[in-house]
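Undergrad: Residue numbering for the sequence shown is -23 to -1, 1 to 886, as defined by mature numbering (1 follows the signal peptide of the UniProt record, and there is no 0). For glycine and all other residues, C-beta sits at the position ideal for the given N, C-alpha and C.
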Amino acid sequence: MRTSAFVLVFVFVFLITSQISTADVYKSIHNPKAQAFGDRVCTNKECTIIAARYLNHRNEKVDPCDDYGAHVCGNYKYHHNKQGGLPYEALSEVDFTLNKRLHRILTAPASPDEKPWHTLAKSFYQKCIDEPVITPAGKSAVLALLDEIGGWPLLNRQWNGIDISFEEYIADIHRKYGLGILFRFDVQPNEFNISAHYLVLTPAKIENEVPHLIQIAKDLDVENPSFVQEIYKFKDDIHERSIDLYSEPMKVPEIYGPLNLLAQNLTNFDLEKYVRRLFDGVVPVKPDMLIRIFSPEYFDKIHMFFKDKRVFANYAAGVVVSYLMHLPFHLTQEKKPSLHDAQCLTVLINDELVRPVAQMYAKEHINKDEIDLKLTEIFMNIVEVLADKINKASWLDNDTRRSALNKLSHMKYSFAYPEDLFDDTLISEKDVTPSEPSEHFIALASRLCRSRMRSYLAKMENPVDTKAWSRRPLSVNGANMIAENKVYFTAGILQPPLYFPNVPDYVTYATVGVIMGHEIMHGFDNSGRKYDEVGRERDWWTSETSQKFKDKTDCYVDQYNKEGINGKLGLGENIGDNIGMKLAYDAYKKHRANRGYAPEPALPRFEQSTVDEMFFLSYANVWCQGPDDEMANAQNDDEHPPGSTRIKIVAQNMKEFGEALRCPKKATMNPEKKCSLWSKCLVRGGSQDGIDLCIVQVKVSRSWRKPGWDRPVHCAGQSVSIVAEASMGSMCALCRSKCLVRGGSQDGMCRSKCLVRGGSQDGMCRSKCLVRGGSQDGIDVCIVQVKVSRSWRNPGWDRPVHCAGQSVSIVAKPRMGSTCALCRSKCLDRGESQDGIDLCIVQVKVSRSWRKPGWDRCVHCAGQSVSIVAEARMGSMSKCLDRGGSQDGIDVCTVQTKVMDLTRFVILA
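1) If I'm right that residue 900 touches P478 with Cβ under 8 Å, what's the distance once you round it to whole angstroms?
2) So which of A28, H499, M591, Y251 has the shortest CA-CA distance to Y465?
3) Helix, strand or coil, according to DSSP, for S219 in the structure here?
4) Let me check understanding here. Comparing Cα to Cα, which of K77, R332, I158 lies closest to F399?
5) Drop a sphere of 10 angstroms on the beta-carbon of N462, count the other beta-carbons inside from all chains shown, and report buried for 16 or more, exposed for fewer.
6) Should Q536 be labelled buried (16 or more other beta-carbon atoms within 10 Å of its own) or exposed?
7) Roughly how many whole angstroms lie between the Cα atoms of D589 and A637?
8) Determine the direct distance from the alpha carbon of D376 to that of N358, and round the result to whole angstroms.
9) Which of the three DSSP states is assigned to Y390 in this structure?
10) How close, in whole Å, do the beta carbons of I343 and L451 come, if the pair is a contact with beta carbons under 8 Å?
11) Taking a contact to mean a Cβ-Cβ separation below 8 Å, would you say V164 touches K436 in this structure?
12) With H, G and I counted as helix, E and B as strand and the rest as coil, what does DSSP make of N358?
13) Going by C-alpha to C-alpha distance, which of I193, N21, K92, D563 sits closest to L301?
14) With a threshold of 6 Å on Cβ separation, who are the neighbours of R719 within its own chain once the five nearest residues in sequence on each side are excluded?
15) Quick one, which of W446, S523, G557 has its alpha-carbon nearest G494's?
16) So, at 6 Å on beta carbons, what are the nonlocal neighbours of S100 in its own chain, with the 5 sequence-adjacent residues on each side left out?
17) Less than 8 Å between the CB atoms is what I'm expecting for L403 and V260, so what's the real figure, rounded?
18) Would you list the residues sitting across from I270 in a DSSP beta bridge?
19) Following the continuous beta strand (DSSP E) through A456, name the residue where it begins and the one where it ends.
20) Look at D318 and I106 and say whether their C-beta atoms are less than 8 Å apart.
21) Just list the alpha helix (DSSP H) runs in the stretch 451 to 491, keeping only unbroken ones of 4 residues or longer that don't cross its boundaries, in chain order.
22) Work out the CA separation of P474 and V288 for me, nearest whole Å.
23) Taking only three categories from DSSP, how would you classify P261?
24) Roughly how many angstroms lie between the CA atoms of residue 895 and F501, to the nearest whole one?
25) Can at least three beta-carbon pairs, one atom from the stretch 379 to 397 and one from the stretch 587 to 603, be found at a separation below 8 Å?
26) For a quick check, are the C-beta atoms of I215 and I191 less than 8 Å apart?
27) Quick one: what's got a C-beta closer than 6 Å to V262's C-beta in the same chain, skipping five residues either side?
28) Looking only at its own chain, which residues have a Cβ that is under 6 Å from the Cβ of G512, when we skip the five neighbours before and after it?
29) Using DSSP with H/G/I as helix, E/B as strand and the rest coil, what is D163?
30) Within a Cβ cutoff of 6 Å, which residues of the same chain sit near R881, ignoring the five residues on either side of it in sequence?
31) Please report the distance separating the alpha-carbon of D90 from that of A335.
32) Let me know if C838 comes out buried or exposed under the rule of 16 or more other beta-carbons within 10 Å of its beta-carbon.
33) Determine the DSSP secondary structure at Q602, reduced to helix, strand or coil.
34) CA-CA distance, K567 and G573?
35) Grouping DSSP H, G and I as helix and E and B as strand, with all else coil, what is S405?
36) Using CA atoms only, rank isn't needed, just tell me which of L385, N630, S428 is closest to H151.
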């Protein structure tokens, strides 16, 4: 539910931080000259706020064709400061908005009809932010919890040791606090039986807890005078053991099976003892309980940490006490209120009392029906665009294509919060039990944590709830949960300044839409493509297509490497950014077409811009970032590149960007070489005679055939006989005989229309093979450079055939390797299938001057705009089923042709 409160807040912030005043912005509202927008200007507060942000962030001294990121975000640093310890970037403003709203909700006085779990959430937050920094009660609570796990040797020189086994000691910490000491444990849907859960054990990073442990020990009035030396000795011991643990590579990546069998594979780790202690009092442990263990050799080595029990107890208790202190703001003398409050909120919305807090927030700030309607349309449009690209990707083999479409059709989505959020029967007991005033925050947090872990472990014996959310509703995140094949957009991220419900659609598609496209593509990136439609880890790619995928994505790796970014580390994110942008852009175009291209309103003071300019401007503003955080991203080797790089490379790879900004060729933001996952081109680069040059991968026949006028041509030496996809979607043939215009050769070269140059030999084009690359089906694979026309050509007997005004939906492959283009719209009826290919009745125009078709060639409807090609048999038009008069002096004939079933794609809701 939207109120005027947030509008007033943002307008106020806008007024005090902006050089552009609201009066300036409103001038254009009363003087519309927005020709590209139908002379309409958006006049609401949300549009005014967005327009002011864009104007204030922009540095007009920078040429957008030189550095679009600096042009769009150059002044961002002058209008925004770090808030509450959050990073200095646009997306962190969403966090800040969420935190302000939650703080107001959780500090509001209790109402008479307030539910007990809402009261408990408020008590938790108030205790977290209001407890005195150091009190006897706080110290007592911490020490009592440490005693439960055997104490902390650093605090007591007379420590008596651990009287339980190593496995039981670890299990106690795991089940009470969920902390991944030495290894992580997770109860997850079983990838091999997706209706059930299994236990997953994974090695964890050994953290260095030393810097803040010294301060914590001082705050707890440690009685050991040599505790500082002991802490550093403990650090050295842990480091030495970590080196020993990782000194040899793991030979077995993982093991999976029932508990009793896996226990036999681990000689130095008592798996059964650990599991029984972990689930004690929660779930009965049976010998056939299914478990998956990654790096099992690691588990056989970790016993070395327990050789010196005092050292290990110092480490384990140190991790626990750090958790109890929450990094450890609660007991330190230097309390920073903004940072402190933000951490208290983080604990609430990510760990404890998730459902009660989400209920309060959603009731006040989220209109789920509105969000579902808008985001579902965006999701469906993006999925349809992606399905079309998969259908047309000529480098995909049919089996991989079919599997990709199947996965896409089964992809699920959920927005804002789960449907059962307000089902009070799901409120657990831990969310109801009130907190007495005397209960210290540390004790309350520990109580809630234990209850949460008990509920988490109890999932082990329950079937997987496919409707349950695996994301926190108030996390600021969009996500693709690969193991579920499901895309989430949380309520946390669907708020200003990223999401406004009442702004032009070009803004929404360029912001939320691009992020959604990014998340959808994670299902098909270098990691997500290894999982199938139900989330099972399964390789559904052929080896050849996997190699082609790698060849294409290597282009992105090289691009980011040249920017000083680890292109391989962030490949999945970079694929998501680049393809997500293209998907959202094309989905927006589809959305406009579906609405009859009705003009949308302009933003104030952007009336002279075009819709495409506003799309790219809106996208770039999402990734504005302060210079300090830009540097931190690069130095930390984050898989997410800095904001400026995300803007730059994504825009460089979009030819539509160069066209919208009218950037000259070879400008920094409009390079000749552009990476693309979907085009036939492996690399684009340069032009000649107004025709783009494109590097494509083609099959090259080992046997020689004399070129003919209307059949595939083999260039002497290493011939090519395949088609390349041009930038306009047309199908262009390589190395056509006699070029595309009759005339033989001149000075040993084909005339200017020859797509493959390189001289002639015995009347044949000379090879342009640049690189050889293996073989397939007895046919060599060759990288060649071809010219691809940007403009449409009229269909003819000896030149590429285009379905005029329509996109070519697929290529049908009749016998003998000839290639026929099929216009989707002309299919009149579908019938039986033959050789796994559907039969389709189409109506075509056939010239009265009949050309005799050959067995291995296609019949072109000569010179006509409806350029359907049909399979011919035995030298005659034997497939003509019915004649139906004439049109424009040309007979009309109904023919039957083969159509690949992949031309059909049904989205399953």
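TA: Straight from the coordinates:
1) It is not possible to answer for residue 900, since the shown part of the chain is limited to -23 through 886.
2) Position 488 of the sequence shown, counting from 1, holds the residue named residue 465. Per the Cα distances, H499.
3) Sequence index remark: in the sequence shown, residue 219 carries index 242 (1-based). Three-state result, S219: helix.
4) Locating residue 399 in the sequence shown gives position 422, counting from the first residue. Ranking K77, R332, I158 by Cα distance to F399 puts R332 first.
5) For the purposes of this step, residue 462 is taken as the residue at position 485 of the sequence shown. So N462 counts as buried.
6) Counting from 1 along the sequence shown, the entry for residue 536 is found at position 559. With 16 or more other Cβ atoms within 10 Å, it is buried.
7) Position 612 of the sequence shown, counted from the first residue, corresponds to residue 589. Position 660 of the sequence shown, counted from the first residue, corresponds to residue 637. If I take the Cα positions, the gap works out to 6 Å.
8) For the purposes of this step, residue 358 is taken as the residue at position 381 of the sequence shown. For the purposes of this step, residue 376 is taken as the residue at position 399 of the sequence shown. About 24 Å.
9) Numbered from its first residue, the sequence shown carries residue 390 at position 413. In the structure shown, Y390 sits in a strand (DSSP, three-state: E or B).
10) For this step, residue 343 is matched to residue 366 along the sequence shown. For this step, residue 451 is matched to residue 474 along the sequence shown. Wrong, their Cβ atoms sit about 10 Å apart, outside the cutoff.
11) Sequence index remark: in the sequence shown, residue 164 carries index 187 (1-based). Sequence index remark: in the sequence shown, residue 436 carries index 459 (1-based). Yes. Within cutoff.
12) Counting from 1 along the sequence shown, the entry for residue 358 is found at position 381. Three-state result, N358: helix.
13) Numbered from its first residue, the sequence shown carries residue 301 at position 324. With distances taken between Cα atoms, L301 lies closest to I193.
14) Taking the sequence shown and counting its residues from 1, the one referred to as residue 719 is at position 742. Note that R719 has pLDDT 24, beneath the 50 cutoff, so the model's placement of it is unreliable and the number below is only indicative. Contacts found: none.
15) Here residue 494 refers to the residue found at position 517 when the sequence shown is read from its first residue. The option with the nearest alpha carbon to G494 is G557.
16) Stepping through the sequence shown from its first residue, residue 100 is reached at position 123. Counting only Cβ-Cβ distances below 6 Å, and skipping sequence neighbours, we find S412.
17) As a working mapping, residue 403 is identified with position 426 in the sequence shown. As a working mapping, residue 260 is identified with position 283 in the sequence shown. Contact doesn't hold; Cβ gap of about 20 Å is too wide.
18) Within the sequence shown, numbered from 1, the residue matching residue 270 stands at position 293. DSSP, once it has assigned bridges, lists L178, I232 as partnering I270.
19) Here residue 456 refers to the residue found at position 479 of the sequence shown. A456 -> beta strand (DSSP E) spans 455 to 458.
20) What you label residue 318 is simply residue 341 of the sequence shown in a count that begins at 1. What you label residue 106 is simply residue 129 of the sequence shown in a count that begins at 1. The answer is yes: Cβ separation under 8 Å.
21) 482 to 485
22) As a working note, residue 288 is residue 311 in the sequence shown. As a working note, residue 474 is residue 497 in the sequence shown. Spanning the two alpha carbons is a distance of roughly 49 Å.
23) Against the sequence shown, residue 261 aligns to sequence position 284. P261 falls in the coil class under three-state DSSP.
24) The first residue shown for the chain is -23 and the last is 886, placing residue 895 beyond what the model contains.
25) no
26) Position 238 of the sequence shown, counting from 1, holds the residue named residue 215. Position 214 of the sequence shown, counting from 1, holds the residue named residue 191. Cβ atoms of I215 and I191: not closer than 8 Å.
27) Taking the sequence shown and counting its residues from 1, one reaches residue 262 at position 285. Cβ within range, chain order: V252, R253, F256.
28) Taking the first residue of the sequence shown as position 1, residue 512 is located at position 535. Excluding positions up to five away in sequence, the list reads A460, E461, N462.
29) Within the sequence shown, the letter at position 186 stands for residue 163. Three-state DSSP puts D163 in a strand.
30) As a working mapping, residue 881 is identified with position 904 in the sequence shown. In this predicted model, R881 has a pLDDT of only 25, less than 50, meaning its place in the structure is not dependable enough to derive any value.
31) Start at 1 with the first residue of the sequence shown, and residue 90 comes out as number 113. Start at 1 with the first residue of the sequence shown, and residue 335 comes out as number 358. If you take the alpha carbons of D90 and A335, they lie about 18 Å apart.
32) On the sequence shown, residue 838 is found 861 positions in, with the first residue counted as 1. Only weak support is given to the placement of C838: the predicted model assigns it a pLDDT of 31, under 50, and the value that follows is read from those uncertain coordinates. Looking at its Cβ environment, which holds 16 or more other Cβ atoms inside 10 Å, C838 is buried.
33) Here residue 602 is taken as the residue at index 625 of the sequence shown, counted from 1. Residue state, collapsed to three classes: strand.
34) Counting from one through the sequence shown, the residue named residue 567 turns up at place 590. Counting from one through the sequence shown, the residue named residue 573 turns up at place 596. Whole-angstrom Cα-Cα distance: 10 Å.
35) Here residue 405 refers to the residue found at position 428 when the sequence shown is read from its first residue. Of the three classes helix, strand and coil, the one that applies to S405 here is coil, per DSSP.
36) Within the sequence shown, numbered from 1, the residue matching residue 151 stands at position 174. Of L385, N630, S428, the residue nearest in Cα terms is S428.
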